[in-house]
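Chains X and A supply the protein sequences, listed in that same order.
Position 96 of the first sequence, counted from 1, bears residue number 814 in the numbering used here, the numbering being contiguous throughout.
Position 23 of the second sequence, counted from 1, bears residue number 34 in the numbering used here, the numbering being contiguous throughout.
Just so it is clear, CB atoms sit at the ideal spot from N, CA and C, and this is done for glycine as well.
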Amino acid sequence: MTEEQALALATQEIENSKPLEKNVNGVVSELTDAEYAQKIEDLKNFKLDQYNNGYKYDRQMAYLPIPEQLDMQYWDSVNGTTTWADHIAQVKSDNPKPS
Amino acid sequence: MALEYVNKVTFGNVSSATITGINSDDMYQLHLKNIQGTTNNHNIYFRFTISGTGQSSAIYNYNVQRMGAWFYLGNDDEQYVNMINFGGNQTYTYTSLSGIMQLYNFNSSSREPMITFHTSSIPYNTVNGGWGQKGGAIRKNSGGVYDGIQIYRSNGNLAGGEMVLYRHVQ
């Protein structure tokens with residue numbers, strides 16, 4: 719996804735969502751033009767980050783805690799098994815990097 | 012030490028929510044209660060405010076730690092602070108977020124304003140499982156006089172929630 723594509727998607731999404739409102743100290747009002755522009759910028763950045771790094775966030779959620787991984791590695795070295803490598807491979811397979 | 016009530020904002024179905032009321036060099040405490048989203052898979056951000064307006068220039072340095080299997084480290088010179096990150100490609104069913112922020116030096120033009128925050132939430136994904144609790148500290152890379160906090164989502168509205176601001180007093 720290019721920045722231009724992300725911007726186009728974000729712009730369309732915000733346009734479709736209008737009117738958007740804010741709550742400032744309990745007072746609700748529609749966003750100003752500058753705030754709409756900022757909303758588009760924020761959404762564009764989110765989309766780019768999700769596209770470029772979303773699979774990393776998924777993997778980070780899926781990896782087992784470090785102590786458990788260390789335990790896996792120890793017993794793999796004792797028993798000649800591949801439990802730890804299998805776990806890492808499974809996480810990567812479940813959460814592939816976008817092509 | 013005690014907490015003195017300053018302000019409360021209860022909100023529903025808005026793009027952003029802002030609470031102000033910081034006007035002294037005291038330490039302040041902000042309670043976030045049951046912050047709900049309207050859709051899954053999103054981040055929750057916050058910004059410092061001047062006269063109630065979120066400051067979006069690249070001024071935030073932050074680090075965030077997730078209590079679990081991994082660490083999520085923040086960035087320098089960002090336009091926001093990413094308080095909760097669920098922007099993955101899997102579907103993370105998001106329930107709500109609650110937590111506490113401690114705010115320092117917000118009313119000082121010579122000292123850098125800083126925040127420590129602790130939040131909990133319960134995202135869940137059928138492939139990866141998961142739960143989330145983050146704590147961290149952030150600071151801005153130059154001084155300024157700020158009066159509050161604006162929170163918002165990466166996409167969609169904030170469905171509901173409440174923020175209550177207190178001031179630490181002797």
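{"query": "In angstroms with no decimal places, state the Cα-to-Cα distance between residue 21/A and residue 764/X.", "result": "26 Å"}
{"query": "Using a C-beta to C-beta distance shorter than 7 Å, which residues of chain A count as neighbours of residue 738/X?", "result": "26"}
{"query": "When DSSP labels each residue in this structure, what does residue 181/A get in the three-state scheme?", "result": "coil"}
{"query": "Can you check whether the C-beta of residue 102/A is within less than 8 Å of a C-beta belonging to chain X?", "result": "no"}
{"query": "Could you name the residues that DSSP lists as bridge partners for residue 749/X?", "result": "Paired residues: none, contrary to the question."}
{"query": "Taking DSSP as the reference, what is the three-state secondary structure of residue 805/X?", "result": "helix"}
{"query": "Could you run through the stretch 745-776 of chain X and flag, in chain order, every residue whose CB is less than 7 Å away from some CB of chain B?", "result": "Of the protein chains in the structure, X and A, none is chain B."}
{"query": "DSSP on residue 14/A, reduced to helix/strand/coil?", "result": "strand"}
{"query": "Show which residues of chain A have a CB atom less than 7 Å away from the CB atom of residue 742/X.", "result": "29, 63"}
{"query": "Do we get a CB-CB distance below 8 Å when we pair residue 68/A with the residues of chain X?", "result": "no"}
{"query": "Measuring straight from C-alpha to C-alpha, what distance separates residue 118/A and residue 799/X?", "result": "59 Å"}
{"query": "In chain order, what residues of the same chain lie with their CB nearer than 6 Å to the CB of residue 801/X, ignoring the 5 residues before and after it?", "result": "790, 794"}
{"query": "Under 8 Å, Cβ to Cβ, is there at least one residue of chain X near residue 45/A?", "result": "no"}
{"query": "Under 8 Å between C-beta atoms, does residue 57/A make it to chain X?", "result": "no"}
{"query": "For the structure I just gave you, are there three or more beta carbon pairs, one from the stretch 750-763 of chain X and one from the stretch 779-790 of chain X, closer than 8 Å?", "result": "no"}
{"query": "So what does DSSP say about residue 72/A, is it helix, strand or coil?", "result": "strand"}
{"query": "Does the stretch 161-174 of chain A come close enough to the stretch 22-40 of chain A to have 3 or more Cβ pairs within less than 8 Å?", "result": "yes"}
{"query": "Here's the rule I'm using: 16 or more other beta-carbon atoms within 10 Å means buried, otherwise exposed. How should residue 751/X be labelled?", "result": "exposed"}
{"query": "Give the residues of chain X in contact with residue 22/A, contact being defined as C-beta atoms less than 7 Å apart.", "result": "741"}
{"query": "Check residue 772/X in the structure and name its three-state DSSP category.", "result": "helix"}
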